[in-house]
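Student: Under our numbering, the first residue of the sequence shown is numbered 21, with each subsequent residue one higher. Positions of the beta carbon are idealized from the N, C-alpha and C atoms, including for glycine. Please read these numbers as outputs of a predicted model, since none were measured by experiment. One structure, as structure tokens, below. Some questions next.
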Amino acid sequence: MKLGVIGFGKRFSGIWRNFQTGDPDHSIAGVVDPDPKLQRAHITDEERASLRRFGSMDALIRQGRPDALYIGTRCDMHTPLAMEAAKYNLPIFLEKPVSHSMEQALALEAAFRNSKCPVLVSFPLRASTLCRKTKELLNQGIVGRVEHVLATNYVAYGWGYFYGPYREYSITQGLFLQKATHDLDYLAYLIGTPIVRVAAMHSLGRVYRDSNTPKDLRDPEAIYYDNIGTPETGMNEDSSSALLEFADGTKGVYTQVFFSKGVTRRGAVLSGTKGLLEFDWYQSQIKSTDYEQPIHSVTTIKSEEDHWGGDPKLVQNFLNMVQNGAPPLSSIQDGLRSVYACLAAKESASTGHFVPVRQVEDF
Ligand SMILES: NC(=O)c1ccc[n+]([C@@H]2O[C@H](COP(=O)([O-])OP(=O)(O)OC[C@H]3O[C@@H](n4cnc5c(N)ncnc54)[C@H](O)[C@@H]3O)[C@@H](O)[C@H]2O)c1
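This is the structure:
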């Protein structure tokens, strides 16, 4: 397979390693990226020199003749580039979040409603071995009907959203869209129905802008960059939480914390009518408990692979889409559903009201 790459930064460097393992015969048809040195890419000088560069998507497609496209620019450009790419009907591997505003999401939905172009949205968590095994156990009915979910995400590298390139609020539009898009996606996947209503709260500028912030959470060189924003103009959250209602009536809570330096926790507790199932990616474990009997079972699934096996699985699925017309593990509709839920959370956190989530039927 010949892949055309639009936005060859840090993320694509990791994905490329998985293409190299998953399909030794693949090649890069060409790259569109305004950075002549591809400074963000984690690749060797030899690899960098071997890449054919194009000034536009059109030139890449006409001259490089790729079989498929990968779009891995930063968040603000995913929608306009995916809309441009839709015209060529080539399979697209699209980075998350698929959009960073309601305006973008509505335009993306309209563009793909009339397109035959297959899209895989880059959601490695739902593709990870642990999450797929959890889904299998839920489908077997081991906890009965799921009625409640509690999901947590303690981000050990949360400082990256304030001192690294992701600090730019104008690009991220906050950490529901940047981070929770993964978690709200895997929750909807596990529950099996979309999120329909959200109430959320966030904390802004209390840790990462406050001069009392402990020194080990601060960048000693440039304490606060101009483009980090303020609580008034908008900035990434120190923490944010959402109450979730799913279409089948299941209720839930999701919490993400970005100042828990060194503490890693990401996973969920699903409460069913017969028992409870909990998993955490960092502990590589799924535990289930039966309410009626003192039975606890633990399934350990260790994975040294990127995103706990999610990235190689996505790459394998994309190859299968391109070569055999297989369906995507996470579709453009899934990408949009997650964005609409994140936008509802963002709106709720700033207005204090419950917000209904725009629904996307399959198209
Ligand atoms: N799915 C995941 O698990 C996952 C993980 C990490 C990052 N991401 C997503 O991947 C995206 C990229 O993140 P990153 O850390 O690689 O960023 P990055 O800054 O390292 O890479 C972005 C690249 O896009 C290029 N670029 C900018 N404008 C462009 C344009 N108009 N056309 C073509 N290229 C352009 C930049 O020069 C850069 O090389 C982000 O949106 C992020 O949310 C997803």
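Return helix, strand or coil for V380, following the three-state DSSP convention.
Tutor: Looking at V380 - three-state DSSP - the assignment turns out to be coil, as it is neither helix nor strand.
Student: Do A220 and A127 have their CB atoms nearer than 7 Å?
Tutor: Not in contact: A220 and A127 (Cβ atoms no closer than 7 Å).
Student: Mapping the DSSP letters down to three states, classify N337 as helix, strand or coil.
Tutor: Helix.
Student: Alpha carbon to alpha carbon, what distance is there between L23 and R378?
Tutor: One C-alpha to the other measures close to 33 Å.
Student: Looking at the secondary structure, which residues open and close the alpha helix (DSSP H) in which Y360 lies?
Tutor: First-last of the alpha helix (DSSP H) with Y360: 352–371.
Student: Under 6 Å from any heavy atom of ligand 1, does the C-beta of D258 make it?
Tutor: Incorrect: D258 has no Cβ contact closer than 6 Å to ligand 1.
Student: Could you compute how far the alpha carbon of E265 sits from the alpha carbon of V318?
Tutor: The alpha-carbon atoms of E265 and V318 are separated by roughly 28 Å.
Student: Can you give me the Cβ contacts of G254 inside the same chain, cut-off strictly under 6 Å, excluding the 5 residues immediately before and after it?
Tutor: Contacts found: Y189.
Student: Compare the C-alpha of H202 against each of K294, V359, F374, G164 and name the closest.
Tutor: Checking every option, the nearest Cα to that of H202 belongs to V359.
Student: Determine whether the beta carbon atoms of N28 and A61 lie at a separation below 7 Å.
Tutor: One point to set straight first is that residue 28 is Phe, not Asn, in the sequence displayed. Yes, they are a contact pair.
Student: Assign D45 to one of two classes, buried (16 or more other C-beta atoms within 10 Å of its C-beta) or exposed (fewer than that).
Tutor: Exposed.
Student: Terminal residues of the continuous alpha helix (DSSP H) containing D205?
Tutor: Per DSSP, D205 belongs to the alpha helix (DSSP H) from 201–211.
Student: Which term fits K199, buried or exposed, when burial requires 16 or more other beta carbons within 10 angstroms of its beta carbon?
Tutor: The residue is buried, with at least 16 neighbouring Cβ atoms inside 10 Å.
Student: Checking the sheet assignment: what are the DSSP bridge partners for I321?
Tutor: Bridge partners of I321: none, in fact.
Student: Say yes only if the C-beta of D326 is nearer than 6 Å to one or more non-hydrogen atoms of ligand 1, and no if none qualify.
Tutor: D326 Cβ: outside cutoff for every heavy atom of ligand 1.
Student: Looking at the structure shown, is E188 part of a helix, part of a strand, or coil, going by DSSP?
Tutor: In this structure, E188 counts as coil in the three-state DSSP scheme.
Student: Tell me the rounded alpha-carbon separation between G194 and E312.
Tutor: So the alpha carbons of these two residues sit roughly 43 Å apart.
Student: With which residues is Q276 paired in a DSSP beta bridge?
Tutor: N173, S260, per the DSSP bridge assignment.
Student: The alpha helix (DSSP H) that contains K153, what's its start and end?
Tutor: Segment 149–159, the alpha helix (DSSP H) holding K153.
Student: Between which residues of its own chain and G330 is the CB-CB distance below 7 Å, once the five residues before and five after are set aside?
Tutor: Once the five neighbours on either side are set aside, the close Cβ partners of G330 are P144, L145, A147, S148.
Student: Just verifying my parser: in three-state terms, what is the DSSP assignment at I112?
Tutor: Reduced to three states, the DSSP call for I112 is strand.
Student: Under 6 Å from any heavy atom of ligand 1, does the C-beta of S142 make it?
Tutor: For ligand 1, at least one heavy atom lies less than 6 Å from the Cβ of S142.
Student: Considering just the uninterrupted stretch of the beta strand (DSSP E) at M103, what are its terminal residues?
Tutor: Note, M103: premise wrong, no beta strand (DSSP E); alpha helix (DSSP H) at 98–106.
Student: Considering just the uninterrupted stretch of the beta strand (DSSP E) at Y90, what are its terminal residues?
Tutor: Taken as a continuous stretch (DSSP letters only), the beta strand (DSSP E) holding Y90 covers 88–91.
Student: Is it true that the CB of L158 sits closer than 7 Å to the CB of V289?
Tutor: No, the Cβ-Cβ distance between V289 and L158 is not below 7 Å.
Student: Quick one: Cα of E241 to Cα of Y183, how far?
Tutor: Summary for E241: the model assigns pLDDT 49, below 50, so the residue's position carries little reliability; its value from the coordinates is reported in the next sentence. Cα to Cα, E241 sits roughly 10 Å from Y183.
Student: Quick one: is the Cβ of C95 within less than 6 Å of any heavy atom of ligand 1?
Tutor: For ligand 1, at least one heavy atom lies less than 6 Å from the Cβ of C95.
Student: R285 by DSSP, collapsed to three states: which one?
Tutor: It is a strand residue.
Student: From which residue to which residue does the alpha helix (DSSP H) around E123 run?
Tutor: Element bounds for E123: 122–133.
Student: Assuming E129 and L356 are in contact, meaning their beta carbons sit under 8 Å apart, how far apart are those beta carbons, in whole angstroms?
Tutor: The Cβ separation is near 6 Å, so the contact holds.
Student: Going by CA-CA distance only, name the one from T250, Y206, P214 that's closest to L224.
Tutor: For the residues T250, Y206, P214, the minimum Cα distance to L224 belongs to T250.
Student: Could you tell me the distance, in whole angstroms, from the CA atom of G287 to the CA atom of N173?
Tutor: Approximately 7 Å between the Cα atoms of the pair.
Student: Quick one: does the C-beta of E115 sit closer than 6 Å to a heavy atom of ligand 3?
Tutor: No copy of ligand 3 appears in this structure; the ligands present are ligand 1.
Student: In terms of residues, what are the limits of the alpha helix (DSSP H) holding E66?
Tutor: First-last of the alpha helix (DSSP H) with E66: 65–70.
Student: Does the beta-carbon distance from V335 to F279 come in below 7 Å?
Tutor: Contact flag unset, no.
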